[in-house]
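The sequence shown: position 76 = 76 (my numbering), numbered continuously.
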Amino acid sequence: MAPPKTIGSREVHAAIERLAAAIGARHRHAKGLLVLGIANGGIPVARRLCARLGIKRVGDLDISFHRDDIGKHPIPKEFTPTLLPGDVNGASVLLVDDVLFTGRTVKAALDELFDHGRPATVELAVLVDRGGRRLPVAPDFVGMSLAAADDEDVVVTLGDVPARDRIDIRPGATRAKAAGSTR
Numbered sequence: 001m002a003p004p005k006t007i008g009s010r011e012v013h014a015a016i017e018r019l020a021a022a023i024g025a026r027h028r029h030a031k032g033l034l035v036l037g038i039a040n041g042g043i044p045v046a047r048r049l050c051a052r053l054g055i056k057r058v059g060d061l062d063i064s065f066h067r068d069d070i071g072k073h074p075i076p077k078e079f080t081p082t083l084l085p086g087d088v089n090g091a092s093v094l095l096v097d098d099v100l101f102t103g104r105t106v107k108a109a110l111d112e113l114f115d116h117g118r119p120a121t122v123e124l125a126v127l128v129d130r131g132g133r134r135l136p137v138a139p140d141f142v143g144m145s146l147a148a149a150d151d152e153d154v155v156v157t158l159g160d161v162p163a164r165d166r167i168d169i170r171p172g173a174t175r176a177k178a179a180g181s182t183r
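Put into structure tokens, the structure is as follows:
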């Protein structure tokens, strides 16, 4: 296992700018997008992207009831409910998350999204792609790619003070090798 590593705010902000530029280039009229941050880590990333792109239709997607490890990780008392800023049916939806790992979180997000309707298109933007997929999931937009071992956690911290934004790669919590992380 490698020693802990921290990526500072300058690199985090550059990754967010790359994401915003790529999304803006593909969606010249990005204001029509319905952007949903996957709770909890994707919500601040989605908010920052929308602020840069001038998108008003931003909401939250709670995946708690669709997690395949709900028995191991019960729903916390304080959770973010799904909040949709518009009708999903026929919409162009951009799902946003902080870290993409196994693909299980994205699968749960798709399940939650389709519980609310049938979008015309769904794309995925992630701040960090750390590899290690266990499901056939690929992001459409990536801020940065990192190499992290299966037994390491990639933790994104985006706060009210942008100078304190960071990404930490550190030894992970104990988990079964076969189960992997929920990300």
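Glycine included, C-beta positions come from ideal geometry on N, C-alpha and C.
- Burial check for Gly32: the Cβ neighbour count within 10 Å stays below 16, so the residue is exposed.
- Minimum Cα-Cα distance from Gly159 among the listed residues Leu113, Leu127, Pro44 and Arg26 corresponds to Pro44.
- Here Val106 carries a helix assignment [DSSP, helix/strand/coil].
- With a beta-carbon spacing of about 6 Å, Val122 and Leu95 fall inside the 8 Å limit used to define contacts.
- Leu83 and His116 have their alpha carbons spaced roughly 11 Å apart.
- Under the three-state reduction of DSSP output, Lys5 falls in the strand class.
- Distance from Glu112 to Ile63 at the Cβ level is roughly 5 Å; contact confirmed, criterion being Cβ atoms closer than 8 Å.
- Between Asp97 and Ile169, the C-beta gap is not smaller than 7 Å, which leaves the two residues out of contact.
- Within the same chain, Asp97, Asp98, Val99 and Val156 come within 7 Å of Gly41 by CB-CB distance, once the 5 residues on both sides are set aside.
- With respect to Leu53, Ala25 sits apart: the two C-beta atoms are not nearer than 7 Å.
- In this structure Phe141 is buried. Its beta-carbon is surrounded by 16 or more other beta-carbon atoms within 10 angstroms.
- For Phe101, the number of other beta carbons within 10 angstroms of its own is at least 16, and it is reported as buried.
- Sixteen is the threshold: since fewer than 16 other Cβ atoms of the shown chains lie within 10 Å of the Cβ of His29, the residue is exposed.
- The beta carbons of Gly143 and Arg57 sit no closer together than 7 Å.
- Between Val93 and Leu36 the beta-carbon gap is near 6 Å, inside 8 Å, which marks them as a contact.
- Cβ neighbours of Arg48 within its own chain (closer than 6 Å, five residues either side excluded): Ile16.
- DSSP places Gly42 inside the alpha helix (DSSP H), whose first and last residues are Gly42 to Leu53.
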